[in-house]
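Enquirer:
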Amino acid sequence: MNDTIGNSTTVRTRIAPSPTGFLHLGTARTALYSWAYARHFGGQFVLRIEDTDVARSTQDSVQQILESMHWLGLTYDEGPIYQMQRLERYHAVVAQMIAAGTAYRCYCTPEELDAMREAQRARGEKTRYDGRWRPAPGKVLPPVPAGVQPVVRFANPEHGVVTWDDLVKGPISISNQEIDDLIILRPAPEGAPAGTLGVPTYNFAVVVDDWDMRITHVFRGDEHINNTPWQINIFRALGAPLPQFGHCPIILGDDGLKLSKRRGAVSVTAYQEAGYLPEAMLNYLARLGWSHGDTELFTVDQMVQWFDGTHLAKSPAQWDPAKLAWVNAHYIKQADDTRLAGLVQQQLASRGVQAADLDMLTRAATLFKDRCSTVVELADWTEMLFVPVAAGAEDLQTHVTDAVKPALRTLRDGLAEAPWDKAGIAAAMKAALAAHQLKMPQLAPAVRVLVCGRAQTPSVDAVLALFARETVLQRLQSV
Ligand code: GLU
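Sequential numbering of the sequence shown, starting at -8, is according to the numbering used here.
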């Protein structure tokens, strides 16, 4: 049956995160694919918040997800649409399905369901709902028990095979005998105020939404593959056109196990805080499961131009922090220095360091960015401009020797008068070296240790020129 709409209408994709935590990297990747696919085909991209897990959904998570989407620049044309604001619609569809015989009320208590599973296990069978409340011609249903609020189950077809051509994995078939009549609607909790609507389950709400929102292509993680046959059956029961599905393999951690919180950062927010640039995250996430030849570095515009749903990897990709750092270093080098200055300023503020001088921050970004792979590293370099440094005892002992101290004093005097720029500082250093018959490798580390708190920096005249003259003179005061 060719009832997909994927090829015939305007492309409409969506991302449907559950607000039970931060935006996960895996979800960010499928968001990126969905977004790029819609942009590539001149379609629309929808953001839907799947907040039906009332106990675990929080407003704070919604906020984090929206902020991460914004930070990544994944702009949506519609949404955010909240499932909990659509309960009436789900109830209307359930009523239609009950009337049409594609859904039915089930009054089994949790104890009965436990007993059912127990008996199945004892017989060595797979546990599944046994259909005892499923109406059938000539079948007599049990008497409706008093005081039990029913769930509503989908009457899944009992025979046949569900087949779809997955955009990522290729053809997939699952027999209807493998799947049972899933719950699509739960009653309102006991004691809820009269009129409280029950909440639909994921597999049902997702179908009503994808149908109502005219979604043509669904990209999501392959942990949902087992849900897709149910969803396809529900689409068909509703007479709704099917979207095309693409299930992306999970992301593995660098230890080869599923990327998870227990083994490091998994949220977009964590990488934002760790000083990664959004364009680097997009580039890295895009490559993690998709390729354009062997191109590793590309802009988001190029990705949109190239991303047509082909070349998606079938097997899991491994999260590679070193490669992400390399990609980020590339984008830091490319980034405008005033933008980096602003980011470093925020980073320093989060450490309690006020760095108001944007010009100084910008010049620091120009000088240090080539050696940094994150904004955090750039802030590490820049911090010395704004807070006193404490040189290590060993560095002081090694570099600030009695042999060098007289030259340091001459330098300090020279710097008090020198034109305050790289050339002026270089000339003052040369003069101090000449006066004391020393070589640069003796003087420069001593200056670095005293002014910067470390013995290695980029060219010392360039570094000193970043500081206010007064700061340098004061740090050289101790000799
Ligand atoms: N709320 C589901 C999730 O976060 C969405 C899955 C889907 O895209 O259908 O996994």
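Ideal placement from N, C-alpha and C gives every residue a C-beta, glycine not left out.
1) Of the choices ILE175, MET351, GLY266, whose alpha-carbon is the least far from that of SER364?
2) Taking only three categories from DSSP, how would you classify ASN(-7)?
3) Quick check on this structure: which residue in GLN428, ALA414, ALA382 has the alpha carbon closest to the alpha carbon of VAL438?
4) Quick one: what's ASP157 bridged to in DSSP?
5) Could you tell me whether any non-hydrogen atom of the ligand GLU is closer than 7 Å to the CB of ARG211?
6) List in chain order: all unbroken beta strand (DSSP E) runs of 3+ residues lying wholly within the region 194 to 264.
7) Cβ of ALA332 within 8 Å of Cβ of THR353?
8) Using only CA atoms, which one of ASP51, THR373, ARG362, ASP361 lies nearest to ASP350?
9) Answer yes or no: the CB of SER9 versus the heavy atoms of the ligand GLU, is any distance below 7 Å?
10) How do the region 139 to 154 and the region 49 to 58 stand: do at least 3 beta-carbon pairs fall below 8 Å, yes or no?
11) Below 8 Å, can you find three or more Cβ-Cβ pairs linking the region 70 to 77 to the region 86 to 100?
12) Could you name the residues of the same chain whose beta carbon sits closer than 6 Å to that of ASP328, not counting the 5 residues immediately before and after it, in chain order?
13) Relative to the C-alpha of THR18, which candidate in ARG30, THR0, LEU65 has its C-alpha closest?
14) Please classify HIS61 as buried or exposed, where buried requires at least 16 other C-beta atoms within 10 Å of its C-beta.
15) Would you kindly work out how many angstroms separate the C-alpha atoms of GLU461 and ILE416, rounded to a whole number?
16) Since ARG119 and ILE72 are thought to touch, with beta carbons under 8 Å apart, how far apart are those beta carbons, to the nearest angstrom?
17) Less than 7 Å between C-beta atoms, sequence neighbours within five positions excluded: which residues of the same chain meet that for ALA231?
18) So the alpha helix (DSSP H) GLU368 belongs to, where does it begin and stop?
19) I need the DSSP call for GLN447, collapsed to helix, strand or coil.
20) Under 8 Å between the Cβ atoms of ALA422 and GLY444?
21) What I want to know is whether the C-beta of GLU41 ends up closer than 7 Å to one or more non-hydrogen atoms of the ligand GLU.
22) Is the number of C-beta pairs between the region 202 to 211 and the region 117 to 133 that are closer than 8 Å three or more?
23) State the DSSP-derived secondary structure class of GLU69, mapped to helix, strand or coil.
Expert: Put simply:
1) GLY266
2) In this predicted model, ASN(-7) has a pLDDT of only 46, less than 50, meaning its place in the structure is not dependable enough to derive any value.
3) ALA382
4) Note: ASP157 sits in a beta bridge opposite GLY161.
5) yes
6) Listed in chain order, they are 208 to 212, 235 to 239.
7) yes
8) Residue THR373 is the option with its Cα nearest to ASP350.
9) yes
10) no
11) The answer is no - the region 86 to 100 does not touch the region 70 to 77, with fewer than three Cβ pairs under 8 Å.
12) THR353, ALA356, THR357
13) LEU65
14) exposed
15) 13 Å
16) At roughly 33 Å, the Cβ-Cβ gap does not stay under 8 Å, so ARG119 and ILE72 are not in contact.
17) TRP202
18) According to the DSSP assignment, GLU368 belongs to the alpha helix (DSSP H) that extends over 366 to 373.
19) coil
20) no
21) yes
22) Fewer than three beta-carbon pairs drawn from the region 202 to 211 and the region 117 to 133 are found closer than 8 Å, and the two stretches are therefore not classed as touching.
23) strand
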